[in-house]
Every structure is written in structure tokens, then in C-alpha cells.
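*Asks:*
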Amino acid sequence: MSKTNLYPALIEKLEDLKSLKVSLERKEVLKPLIEFIQKEKNEGNSIQLNFICTHNSRRSQFGQVWAQAISDFYGIETNCYSGGTEETAFNQNAIDALNRAGFKIESASGENPQVQVQYSEDKSAMECYSKVYDAEENPSKNFAAVMTCSHADENCPFIPGSKDRIALDYSDPKKYDDTPLTREKYDERSDQIASEMIYVFENIE
């Protein structure tokens, strides 16, 4: 798979994010994800990642969107998905953070709208909305369940069909909703997840 040309604003964002240091502790947390992707690639298998949190509204959406864009940027064919233990809606603050990062976004109306997220002229927009992790459009087998919050990790001890279960656990920016820190904290979480996905895919041979 050839590398995908991202929008210029996103390429600039990725270059900025490379300056964020991934701690030794987080590198250990990310190691199983790197190993899963590398093993699937080496064996010629389809790489499938399903990012899972409780509501599929913030962290798992960040995970899916950033991992898809970054894996394409590095030319590593990966299919990224997301889901929750329950269905709610893709949070507007998370959508806004991705928009500020350089993604082009169009959102329909409704309680749980389809959100079109695009990162390249060469790729179709991702259709993102809140859904349960075993929704019909998500893989039912041969995927890694990437648990992005401790609540989902603790309450879903078994994810049917998953080849591997990888706990990353990111702090929830939801606690800063409707505060003066909303924008800062959502950008912070988006940036952290993006920088860690850069680290992951830079370490795939």
C-alpha cells in the first residue's frame, strides 16, 4: 500500500505532534498494539483495529479517526473501527477538536448523526457515529479490541471474535465539558492519542 497524501493542515499537525514525547511507561502500554499490527502484517493478514470505550463518543472516536489517517499516511494498510458498550452520539467537542486538527468534517442533524470525517482528497470520508462495538459494520472476527477507557475494559472482560485485547486507557475529557478548559482538554486528549498512534505506526517495519 502506498502512502496517502493527507491534507496539508494535517501533515503540519503530525509534524508538530512528533515533538510530543511518548513516555517510557506509555511505550510499554503501546507495545502490545505494535506487536499485534506487526504480526498481522508479517503474516499477510488484514489488520483490523476496533477502538472501544463506554459511549463511543470521544476517546474511541479519536482512536479510530487518528489511527486510520496515520496508518494510511505511513502506508500500512489498516482498517480502523470503533464502538461502545452502549450507543450515544459522537460528542460535538470531540468533533470540534478533530476539525481544529485539520480534518474536514460534515455532520448531519439528529440525536446520533452520521459524521463525515475526511483526511485526504485520495480517500473517501469516514462515516463516524456512535454504535455498540459489535455493530454490523464492525468486524466480527480477527480484530484487536483496543480498549480506550478503563470502564469499558473492566465491564467487558470478553470481546467475542477478537484476536487480541489491548488496554490503552485514556483519561476522559468529558469531565471538562461546559468549563473554561473544554477546548484545551479535548485538544490535549486528541493530541495524545494522535501522537501515540504516530509512535505505533512509526515502529511497524
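Letter 36 of the sequence shown, counting from 1, is numbered 36 in the UniProt record's numbering, and no numbers are missing.
Yeah, the Cβ is synthetic: ideal placement off N, Cα and C, and Gly gets one too.
1. Is Ala144 near Leu33, with beta carbons less than 9 Å apart?
2. Do you know how far the Cα of Cys80 is from the Cα of Gln48?
3. Can you tell me whether Gln92 is helix, strand or coil according to DSSP?
4. For my contact list, Phe90 and Gln118 are in at a C-beta cut-off of 8 Å; report their separation, rounded to the angstrom.
5. As a quick exercise: from Ser171, Ile52 and Glu12, pick the residue whose alpha carbon is nearest that of residue 259.
6. I'd like to check one pair, Gly83 with Tyr133: are the Cβ atoms closer than 9 Å?
7. Find the nearest neighbour of Ile70 within the set Pro173, Lys174, Leu10 and Asn112, judged by alpha-carbon distance.
8. Taking three-plus beta-carbon pairs below 8 Å as touching, is the stretch 122-131 in contact with the stretch 166-174?
9. Given Ser107, which residues of its chain have a CB within under 7 Å of its CB, disregarding the five upstream and five downstream residues?
10. What are the boundary residues of the alpha helix (DSSP H) that Gln192 is part of?
11. How would you label Gly44, buried or exposed, when you count the other beta carbons within 10 angstroms and need 16 or more for buried?
12. In chain order, what residues of the same chain lie with their CB nearer than 8 Å to the CB of Ala194, ignoring the 5 residues before and after it?
13. Which residues in the same chain as Glu87 place their Cβ atom closer than 6 Å to its Cβ, once the five residues preceding and following it in sequence are excluded?
14. If we call anything under 9 Å between Cβ atoms a contact, is Gly110 one with Met1?
15. Whole angstroms is fine: what's the gap from Arg58's alpha carbon to Leu20's?
16. Does the beta-carbon of Pro180 have 16 or more other beta-carbons within 10 angstroms, so that it is buried, or is it exposed?
17. Let me check one thing: in DSSP terms, what residues is Asn79 bridge-paired to?
18. Along the chain, where does the alpha helix (DSSP H) that runs through Phe36 open and close?
19. Check Gln114 in the structure and name its three-state DSSP category.
*Replies:* Taking the geometry as given:
1. For the pair Ala144 and Leu33, the CB atoms are nearer than the 9 Å cut-off.
2. Just so you know, the alpha carbons of Gln48 and Cys80 end up roughly 6 Å apart.
3. In this structure, DSSP gives Gln92 a helical state, which the three-state scheme calls helix.
4. Phe90 to Gln118, Cβ: 15 Å. No contact.
5. The chain is shown from 1 up to 205; residue 259 falls before or after that span and cannot be answered.
6. Their beta carbons are under 9 Å apart, which means Tyr133 touches Gly83 by this criterion.
7. If we check each option's Cα against that of Ile70, Leu10 comes out closest.
8. Touching, no, given that fewer than three Cβ pairs across the two stretches are closer than 8 Å.
9. If we look at Ser107 and ignore the five residues flanking it on each side, its Cβ neighbours are Ile95, Pro113 and Val115.
10. Judged by DSSP secondary structure, Gln192 falls within the alpha helix (DSSP H) whose first and last residues are Thr182 to Glu202.
11. The residue is exposed, with fewer than 16 neighbouring Cβ atoms inside 10 Å.
12. Once the five neighbours on either side are set aside, the close Cβ partners of Ala194 are Lys13, Leu14, Leu17, Phe62, Trp66, Ile70 and Ala101.
13. Excluding five sequence positions before and after Glu87, the CB atoms of its chain that fall closer than 6 Å to its own CB belong to Ser130, Lys131 and Val132, given in chain order.
14. No, the Cβ-Cβ distance between Gly110 and Met1 is not below 9 Å.
15. Approximately 21 Å, taken between the alpha carbons.
16. Here Pro180 is exposed. Its C-beta has fewer than 16 other C-beta atoms within 10 Å.
17. Secondary-structure assignment with DSSP links Asn79 through a beta bridge to Gln48.
18. Its alpha helix (DSSP H) spans residues Leu24 to Asn42.
19. Annotated three-state conformation of Gln114 is coil, per DSSP.
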